[in-house]
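Engineer: Encoded as structure tokens, here's the structure I'll be asking about.
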Amino acid sequence: MGGDNVGGAGQPGGMNTETPGESSTITVVRQDEFLIVTATVIDKTDAFVDSRVTPQVIRLRAEMDMSSGRMRLGDMPSSMSLYLSRFQDVFPMGAYKRKPDLARGGRPWPASERVSFLCELLPFLGDDRYYELHDALKREKSWRDPENARIGRVAVPHFLNPSTGNYYTKVRGIDHQMAVTHFVGMAGIGPDAPYYDSKDPRAGVFGYDRQATKSDITDGVSYTILLIQNDPALAGPWIAGGGSTVRGTSLNGDRDVGHRGGFISTDHNGKPGVWIMMADGSIRFLSKNVDPQMFKAMCTMAGGDSDAIGDLSAAAPEVRLPATPRPSQPPPQQREQPKPATEPNKPNEPAQPMPPGTPAKKPPVEEEEETPKKKPGG
């Protein structure tokens, strides 16, 4: 009798008698001040540890860190200083410049499909675990790529204000929440500021496709905003390029500081305003009542409008935030950045690192009014 040509069990066309393979699992649980890691590894590989174990451990350690309520913004001056020393006083590009894809006709990738400048700071945060995250990044892929998105779920305390509370956000097309940043790079005046040419007088330090050097900041590094706290309602993934991590002001600058949709923070010492980090590394709390013209002048790097700043110490007193003690060894070697769009400092010009934050002896944070500085050229 004729019939279907079906083999027996284990033969071509027959039934699969093999037991489905088991998969490796990793569980990380916080119990009081401890992290308990339970791993069942079927096929132990470095890739499994790097992509699954390490991010989960770092994520819970970060949440434990933030539960203390201490803001790690005080660590950012020394982190940026180390970065600038490594790269001859050239700030990172607002979004990593991916190579054009021939399948897209050689068109450049938009910033929203690239990883952010915050990724470049990971090796300089004073903890080798963040270097491991940086090393696992696929910078020639979108931040939405599954491997990058897995890294992006890890909260980085240095990019967060614990008093704000929301550390994660849901992103369409990604099946898990992504960790956010509460601080963004200042692009300059106007919503289109990230696209400005570096020579535009309205431009700030960060742009999607430009890199600034410290020598480009002719308005004075002490008077130019580098990082500013975003409205928590607009907080996006720290790993994402584009508006999630770099943005400009409104055109008039009168509905920005302390206003929804602008730059807003929880109160400091009972006063409303916003946390900022200047290009010289100083941390300040900018009053909600700042004059709009003064605020706009602080957002440009070469606008020639530093005279509009006035008494900086009154509008934005410097705050000494505690900084975490750092290991004595330098950060691991980092992969090189693209060449800056503007001419970098000459090789024989030594980098001038910004002063690191000063560790406080005990909380709470103490605020110190600094001596008023002379304006550039004054």
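If you use our numbering, the sequence shown corresponds to residues 825 to 1202, in order. Glycine included, every Cβ here is placed at the ideal spot set by N, Cα and C. Source: prediction; values computed, not measured.
#1: What residue range is occupied by the uninterrupted beta strand (DSSP E) comprising Arg1108?
#2: So, using beta-carbon positions, are Ala1121 and Ile1133 closer together than 8 Å?
#3: What are the start and end residues of each continuous alpha helix (DSSP H) run of 4 or more residues lying completely inside the region 943 to 970, in chain order?
#4: Quick check on Gly1094: buried or exposed, where buried means 16 or more other Cβ atoms within 10 Å of its Cβ?
#5: When you compare each of Lys921, His1006 and Pro1061 to Thr1090 by their alpha carbons, which one comes out closest?
#6: Going by DSSP, name the residue or residues bridged to Arg938.
#7: Can you tell me which of the three DSSP states Thr927 falls into?
#8: Going straight from the alpha carbon of Arg977 to that of Asn985, what length do you get?
#9: Tell me which residue opens and which closes the alpha helix (DSSP H) that Phe1119 is part of.
#10: Do you know whose CA, among Asn1054, Ile975 and Ile1041, lies nearest Arg953's CA?
#11: Helix, strand or coil for Met1101, going by three-state DSSP, please let me know.
#12: When the Cα of Val995 is compared with those of Lys965, Gly1060 and Ala1139, which residue comes out closest?
#13: Taking all protein chains shown into account, decide if Pro1174 is buried (16 or more other Cβ within 10 angstroms of its Cβ) or exposed.
#14: With 16 other CB atoms within 10 Å as the buried threshold, where does Asp1129 fall?
#15: Answer yes or no: do Ile1013 and Arg1026 have a C-beta to C-beta separation smaller than 8 Å?
Structural biologist: This is what the structure holds:
#1: Ile1107 to Ser1111
#2: yes
#3: 952 to 960
#4: exposed
#5: His1006
#6: Note: Arg938 sits in no beta bridge, so no partner.
#7: First, the residue type needs correcting, since residue 927 is Ala and not Thr in the sequence shown. Look at Ala927 here: in three-state DSSP terms it is helix.
#8: 17 Å
#9: Here the alpha helix (DSSP H) through Phe1119 covers Pro1116 to Cys1123.
#10: Ile975
#11: strand
#12: Gly1060
#13: With a pLDDT of 41 at Pro1174, under the threshold of 50, the modelled position of that residue is not reliable, and no figure is offered here.
#14: buried
#15: yes
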